[in-house]
Amino acid sequence: MAPTTGSTRPMTIGILGAGNIGRPLGRHWLAAGHTVTFGSRDPGRLGPFVELLGDRARAATYAGAVEAGDVVLLAVPNPVLGGLLEQLADRLAGKTVIDATSPIGVSEDGLFVSQLGPGTTQGSWTAERLPHSSVARAFTHFPDELLWSRGTQQRHFWGMGIASGDPRARRVAEALVHDAGFVPVHLGGLEESAAVDPGGRLFGYVSTAAGLRAAAGLAG
Ligand SMILES: NC(=O)c1ccc[n+]([C@@H]2O[C@H](COP(=O)([O-])OP(=O)(O)OC[C@H]3O[C@@H](n4cnc5c(N)ncnc54)[C@H](OP(=O)(O)O)[C@@H]3O)[C@@H](O)[C@H]2O)c1
245 MAPTTGSTRP
255 MTIGILGAGN
265 IGRPLGRHWL
275 AAGHTVTFGS
285 RDPGRLGPFV
295 ELLGDRARAA
305 TYAGAVEAGD
315 VVLLAVPNPV
325 LGGLLEQLAD
335 RLAGKTVIDA
345 TSPIGVSEDG
355 LFVSQLGPGT
365 TQGSWTAERL
375 PHSSVARAFT
385 HFPDELLWSR
395 GTQQRHFWGM
405 GIASGDPRAR
415 RVAEALVHDA
425 GFVPVHLGGL
435 EESAAVDPGG
445 RLFGYVSTAA
455 GLRAAAGLAG
């Protein structure tokens, strides 16, 4: 497969949840030339943050961030995602949606598990609620505190698992992973993305692209 490159033209991106995941990714994408609207329940509180990021950075309500973006990143705490998607599904129709949320739980033995139980991936769960959007899964297995440092100081060294069976969503997710400073590793369709969900083989795993492929049992 040809090596993935970044985006060829600027995108408009709405980020739902300007927290540990949304902020560093938004900053990477601004640096790559995209326009980023950070969504919040209280956009006024994001003023001091976006003011430092230049005129392609904005703050808005969640609905406003969806309106502003052709691509929307889901980066809110997973338990609130269902309610948010119910409110925003119509506005998300026709858009590319990248789900970075994790349905994280801890088993009685102290192991990370998916709250969705076996057989349902987070990506499939989200796609079911957004039948008119192109959905991909990305940025879910990588620790938040490394997103900015590794994406800037060791650009295109570390791998990032992505999943989507939708060609447009896959292309956009791969480009935005690249633009964030990582090497995308396609794992298959959303139903095949359990590896990046809590308890999955890649959850919390930080490695090169080859290391991710090997750990996920992919050839090459
Ligand atoms: N932390 C990690 O290492 C990591 C790695 C991969 C994936 N993830 C997943 O990525 C998602 C985001 O993680 P995070 O650590 O960035 O989350 P976070 O910082 O705790 O929260 C992100 C933003 O969500 C908004 N929010 C909080 N409670 C909300 C509610 N009840 N309703 C609506 N919005 C609410 C808040 O923004 P406002 O107050 O401005 O509205 C907050 O800044 C999670 O699903 C997490 O599981 C995390």
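Going by this note's numbering, the first residue of the sequence shown is number 245, and it counts up by one from there.
Backbone N, C-alpha and C fix where the C-beta goes; we use that ideal spot for every residue, glycine too.
Margin query: ligand 1 and P268: does any heavy atom of the ligand fall closer than 6 angstroms to the residue's C-beta?
Written below: Not one heavy atom of ligand 1 sits closer than 6 angstroms to the Cβ of P268.
Check: Going straight from the alpha carbon of P411 to that of T249, what length do you get?
Finding: Computed Cα separation, rounded: 15 angstroms.
Item checked: A319 CB to nearest heavy atom of ligand 1 below 6 angstroms -> yes
Margin query: Here's the rule I'm using: 16 or more other beta-carbon atoms within 10 Å means buried, otherwise exposed. How should S351 be labelled?
Written below: exposed
Next item on the list: List the DSSP bridge partners of H430.
Entry: I406
Note to self: If I measure Cβ to Cβ from V315 and keep anything under 6 angstroms in the same chain, skipping five residues before and after, which residues do I get?
What the structure shows: M255, I257, T340, V416
Next item on the list: May I have the straight-line CA-CA distance separating N322 from G263, to the nearest angstrom?
Entry: Between N322 and G263, the C-alpha separation is close to 13 angstroms.
Notebook entry, point to check: First and last residue of the beta strand (DSSP E) that includes G266?
Noted result: From DSSP, G266 is part of no beta strand (DSSP E) but of the alpha helix (DSSP H) over 266-275.
Margin query: Quick check: is any heavy atom of ligand 1 less than 6 angstroms from the C-beta of D388?
Written below: yes
Item checked: Test item: CB-CB of G283 and A304 under 7 angstroms -> yes
Margin query: Distance check for I342 and G298, CA to CA, integer angstroms please.
Written below: 24 angstroms
Margin query: Less than 6 angstroms separating the Cβ of A413 from some heavy atom of ligand 1?
Written below: no
Check: So, are the CB atoms of G425 and G403 less than 7 angstroms apart?
Finding: It is not a contact, given that the beta carbons lie outside the stated cut-off.
Check: Is the CB-CB distance between V427 and I406 below 7 angstroms?
Finding: no
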